[in-house]
Amino acid sequence: MSVDDPIQLPAPLRRDRIRELLDERGFVRVADISEDFGVSRVTARTDLDTLVDQGDAVRVHGGAMPVLGRGAVESPIELATATSAHAKQRIGEAAAAMVRSGQSVIVDVGSTGLALARALKARRDLSDLVVITNGLTIALELESEIPRFSVIVTGGSLRPLQHSLVDPLAGSLLGQVHADFAFIGCNGVDAEHGVTNVNLPEAEVKARMVRAAERVVVVADASKLGVRQLGRIAGLDAFDALLTDDGASPEIVASLREAGLPVTLVPLGD
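Quick note: the sequence shown uses the numbering used here, first residue 16, plus one each step.
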């Protein structure tokens, strides 16, 4: 249905459909509701306010997100960047410290990948670095470092929530390269289920990144450990190391190590 469609859903049915979109997308914009359902923006805001009153949504700038507890929710990258920001910064710095001049590096989309990009940018000793990414935010962060860095964007279909590029086409480039490192972000690291992600299209691209690098490092703050999500990226045996912060549960860290995954705990300090 679009604005040009003369038939409009009754409000209860429209709101049921908006609930479904919230669960599918993790974020719905007022403008999208207006366009998709052929209603005014005032009506779209009223629909979202009603869902908030019913406990099904939380209003954020420009739209709404599902409430916690309605299933796995994918946060917009702007919100994710502000969550556990210090831990992600320190993990990004630890990952950047592994990289040497002249190497090629795949940097996965996400807030921890963005922290890694900023840490690479701050390494003034690095030169002739090739960075491959499917994150537009990451590519733009590194744009100022050209030609010190070569920045390659995978291409693909744009997902606005993460500013990420996914299939079709995103995997084509990854099938033609073999990088020195791949730094993979995720929503879950579990001893039994491996490394997982809430979004299936991104999980598939991450899996291709794993296969496209000599050394593969998963970068995840402590909140991701012991968590399993819908989209499986790879088993733990596909990764050479996990970089996480020292706020991680000792029991979960022990289970990951027992499963064969080397874990580095990055100190957060004061």
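We put the CB at the ideal spot given by N, CA and C, even for glycine.
| Item | Value |
| --- | --- |
| Within 8 Å, do at least three Cβ pairs link the stretch 193 to 207 to the stretch 171 to 181? | no |
| Who are residue 80's beta bridge partners in DSSP? | 73 |
| For residue 252, which residues from the same chain have a beta carbon less than 7 Å from its beta carbon, with the 5 sequence-adjacent residues on both sides left out? | 275 |
| Check each candidate in 23, 266, 246, 112 and name the one with the smallest Cα separation from residue 140. | 112 |
| What do you reckon, are the CB atoms on residue 161 and residue 145 nearer than 8 Å? | no |
| Which runs of the beta strand (DSSP E) spanning at least 3 residues fall entirely within the stretch 155 to 229, listed in chain order? | 164 to 168, 172 to 174, 179 to 181, 194 to 199, 203 to 205, 209 to 212 |
| Can you pull the DSSP bridge partners for residue 48? | Paired residues: none, contrary to the question. |
| Return the chain-ordered list of same chain residues with a C-beta closer than 6 Å to the C-beta of residue 244, the five sequence neighbours on each side being excluded. | 87, 202, 203, 211, 212, 213 |
| Taking its Cβ as the centre, do 16 or more other Cβ atoms sit within 10 Å of residue 126, making it buried, or is it exposed? | buried |
| In whole angstroms, give me the CA-to-CA distance for residue 20 and residue 129. | Bear in mind that the predicted position of residue 20 carries a pLDDT of just 45, short of 50, making it too unreliable to give a figure here. |
| Can you grab the Cα-Cα spacing for the pair residue 217 / residue 57, in whole Å? | 33 Å |
| Could you check whether the stretch 221 to 236 touches the stretch 151 to 160, counting it as contact only if at least three pairs of C-beta atoms, one from each stretch, sit closer than 8 Å? | no |
| In this structure, how does DSSP classify residue 232 when only helix, strand and coil are distinguished? | strand |
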